[in-house]
Amino acid sequence: MAQDGNELITKHATMPPWGLEGKRILVAVSAGVAAYKTCILVRALIRAGAMIKIVMTESARAFVSAETFQALSGEPVYTDLWDDRVSNRMAHIELGRWADAIIIAPASADLMARLAHGICNDLLSTLCLARPRDRCLLLIAPAMNKEMWSHPATQRNAAILEKDATIFLGPDRGDQACGETGDGRMLEPDDLLQALEHALSPKFLAGRHCLITAGPTFEAIDPVRGITNRSSGKMGFAIARAASQAGAIVHLIAGPVSLKSPWQVHRTDVVSALDMKQAVDRALESMQHSVIERSIFISVAAVADWRPAEIASQKIKKQHGESAPSLQFIENPDILAGVAARSPRPFCVGFAAESEMLHEHGEAKRKKKNIPMLAANIGHETFGQDLNQLLLLDARGSRSLPLATKEKLAQQLIEAIASDLT
Ligand code: C5P
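So in my numbering, spot 420 of the sequence shown is number 1579, and the numbers just go up one at a time.
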């Protein structure tokens, strides 16, 4: 890799950028109470480095004013087909040509019906039809009463739109503004943001399965006590998010953490190292050999090395005057080494939390576990933090990934894995 990293750097130079940084997103708002959530989406998109333009339908303005969106985005809001701020007065052509993606949130039943049938009777419907479909994605986040959503007419329109390569985001199930509960809620802004990131990221891992362990394990002593560590799971979750953005089918096996699952990632929650091993074995055993050979196992979890030899069935009581109980430990199985010893085996990536001599300890661990790639970091400096730095080790050498957010490092790690796989 880095050592001579020219090959890698050349490859990376040609790789398209990830996610939303510098991407041109046209946020379109049609009528719906959920329009207030779109304000939050706009802020999140700007924070993620996207360039924004906003289009509203006439009825959307009954819910949130154009001035609110203008203030949030710092950009003019377009509503009129004949807007004279666009020099050729062809807003319906220029806006679609400008955008990398259009996201309609909320998308009303009426708008879906018009889009499905190519009806162009306002700026939004016209620009969706006029957009260059080969380079401007259309994503829609429906929001409506559950009866409206489940009505055969709406379902027919949704099917037509899907056939026309429209990407549907939701709707979600839950409480609705009309007081009912059911399908038709708009997805939350963070989900919409992740879906956009997903849609716009390069697909380095298309068609591959990626199994990831993350977080700590919890080894019970008795029903209320146990031994764990300070891993937050942030690095593993960021890697799951990046792998999914890169097009992999991701299964995340998580120890006890309080993190939300990344968009489109299948998650299994576990507690102890034995649970984690069982979940990993099950996941691999459900895959065909040909799939395993093309899959990736990224072992990010801080798995406890030992567990108490016995778990007391009742809480161990403090006895006045008696000495503290002594615990006997037994070693946990090494999940990663077990996967690496399988045949066929996935491409295995380990993590090493060290306190010094990253290169020496990391390389020794990579060889001992017989894995092609290992990411070493200083454990006590990264547990629970949002930033990290990694030293990547593989058969070709080592490469430092300098201090950055765990999201950024996760993307770099996925690029490195994709590069080693090709
Ligand atoms: O040997 P050490 O615990 O430092 O190795 C760390 C790597 O091995 C990490 O990738 C971790 O997820 C994995 N591991 C494991 N099962 C264990 C211990 C560590 O999969 N019991």
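Just so you know, even glycine gets a beta-carbon here, dropped at the ideal spot from N, CA and C. Since the structure is predicted, the reported quantities are computational estimates derived from the model, not experimental observations.
Quiz prompt | DSSP three-state assignment for residue 1177, whether helix, strand or coil | solution = Locating residue 1177 in the sequence shown gives position 18, counting from the first residue. In this structure, residue 1177 counts as coil in the three-state DSSP scheme.
Self-check item: Cα-Cα separation between residue 1177 and residue 1570, rounded to whole angstroms
Solution: One-based indexing of the sequence shown puts residue 1177 at position 18. One-based indexing of the sequence shown puts residue 1570 at position 411. Approximately 8 Å between the Cα atoms of the pair.
Quiz item: In chain order, what residues of the same chain lie with their CB nearer than 6 Å to the CB of residue 1163, ignoring the 5 residues before and after it?
Solution: The residue given as residue 1163 occupies position 4 in the sequence shown. A caution first: residue 1163 carries a pLDDT of 37, below 50, which makes its placement in the model unreliable, though a value can still be read off. Counting only Cβ-Cβ distances below 6 Å, and skipping sequence neighbours, we find nothing.
Self-check item: Nearest to residue 1195 (by Cα), restricted to the options 1294, 1184, 1424 and 1228
Solution: To locate residue 1195, count along the sequence shown from 1; it is residue 36. Checked all of 1294, 1184, 1424 and 1228; the closest Cα to residue 1195 is 1228.
Practice problem: Report back the beta-carbon spacing between residue 1535 and residue 1511 to the nearest angstrom; my notes put them in contact at under 8 Å. | Solution: Translated into the one-based positions of the sequence shown, residue 1535 becomes position 376. Translated into the one-based positions of the sequence shown, residue 1511 becomes position 352. Yes, residue 1535 and residue 1511 are in contact; Cβ-Cβ is about 4 Å, under 8 Å.
Quiz item: Going by DSSP, what residues sit across from residue 1375 in a beta bridge?
Solution: Stepping through the sequence shown from its first residue, residue 1375 is reached at position 216. 1461.
Quiz item: Is residue 1414 near ligand 1, in the sense that its beta carbon is under 7 Å from a heavy atom of that ligand?
Solution: To locate residue 1414, count along the sequence shown from 1; it is residue 255. Residue 1414 Cβ: outside cutoff for every heavy atom of ligand 1.
Quiz item: Taking just the CA atoms, how far does residue 1572 sit from residue 1390?
Solution: Here the question's residue 1390 lines up with position 231 in the sequence shown. Here the question's residue 1572 lines up with position 413 in the sequence shown. Each residue's Cα considered, the two are about 19 Å apart.
Quiz item: From residue 1560 to residue 1551, what does the alpha carbon distance come to, in whole angstroms?
Solution: As a first step, residue 1560 must be located in the sequence shown, where it is residue number 401. As a first step, residue 1551 must be located in the sequence shown, where it is residue number 392. Their Cα atoms are separated by approximately 7 Å.
Quiz item: Among the residues of its own chain, which have a CB less than 7 Å from the CB of residue 1333, if the five just before and after it don't count?
Solution: Within the sequence shown, the letter at position 174 stands for residue 1333. Cβ within range, chain order: 1340 and 1344.
Quiz item: Taking contact to mean at least 3 C-beta pairs separated by less than 8 Å, is the segment 1288-1302 in contact with the segment 1370-1390?
Solution: no
Quiz item: When we look at the beta-carbon of residue 1553 and count the other beta-carbons within 10 Å, is it buried (16 or more) or exposed?
Solution: Position 394 of the sequence shown, counted from the first residue, corresponds to residue 1553. That one is buried.
Exercise. Would you list, in sequence order, the uninterrupted beta strand (DSSP E) runs of no fewer than 3 residues that lie entirely inside the segment 1204-1283?
Key: 1210-1215 and 1260-1266
Practice problem: Classify residue 1456 as helix, strand or coil using the three-state DSSP reduction. | Solution: Counted from its first residue, the sequence shown places residue 1456 at position 297. Strand at residue 1456.
Quiz item: Regarding residue 1495 and ligand 1, is the C-beta to nearest heavy atom distance less than 7 Å?
Solution: The sequence position of residue 1495 within the sequence shown is 336, counting from 1. Yes.
Quiz item: Between the C-alpha atoms of residue 1494 and residue 1282, what's the straight-line distance to the nearest angstrom?
Solution: To locate residue 1494, count along the sequence shown from 1; it is residue 335. To locate residue 1282, count along the sequence shown from 1; it is residue 123. Taking the straight line joining both Cα atoms gives about 56 Å.
Self-check item: Cutoff 6 Å; reference residue 1456; Cβ partners in own chain excluding five residues on either side
Solution: Residue 1456 sits at position 297 when you count from the first residue of the sequence shown. Cβ within range, chain order: 1370, 1498, 1505 and 1507.
Quiz prompt | DSSP state of residue 1337 mapped onto helix, strand, coil | solution = Counting from 1 along the sequence shown, the entry for residue 1337 is found at position 178. In this structure, residue 1337 counts as coil in the three-state DSSP scheme.
Exercise. Using alpha carbons as the reference points, say which of 1274, 1355, 1579 and 1538 lies closest to residue 1556.
Key: Translated into the one-based positions of the sequence shown, residue 1556 becomes position 397. Residue 1579 is the option with its Cα nearest to residue 1556.
Quiz item: In chain order, which beta strand (DSSP E) runs of at least 3 residues are fully inside the segment 1409-1456?
Solution: Here the runs fully enclosed are 1425-1428.
Quiz item: Nearest to residue 1421 by alpha carbon, out of 1566, 1376, 1449 and 1197?
Solution: Numbered from its first residue, the sequence shown carries residue 1421 at position 262. Among 1566, 1376, 1449 and 1197, the Cα nearest to that of residue 1421 is on 1566.
Quiz item: Where does residue 1167 sit, in a helix, a strand or coil, going by DSSP?
Solution: Start at 1 with the first residue of the sequence shown, and residue 1167 comes out as number 8. For residue 1167, the pLDDT reaches just 38, beneath the cut-off of 50, and the residue's location in the model is therefore unreliable, leaving the point undetermined.
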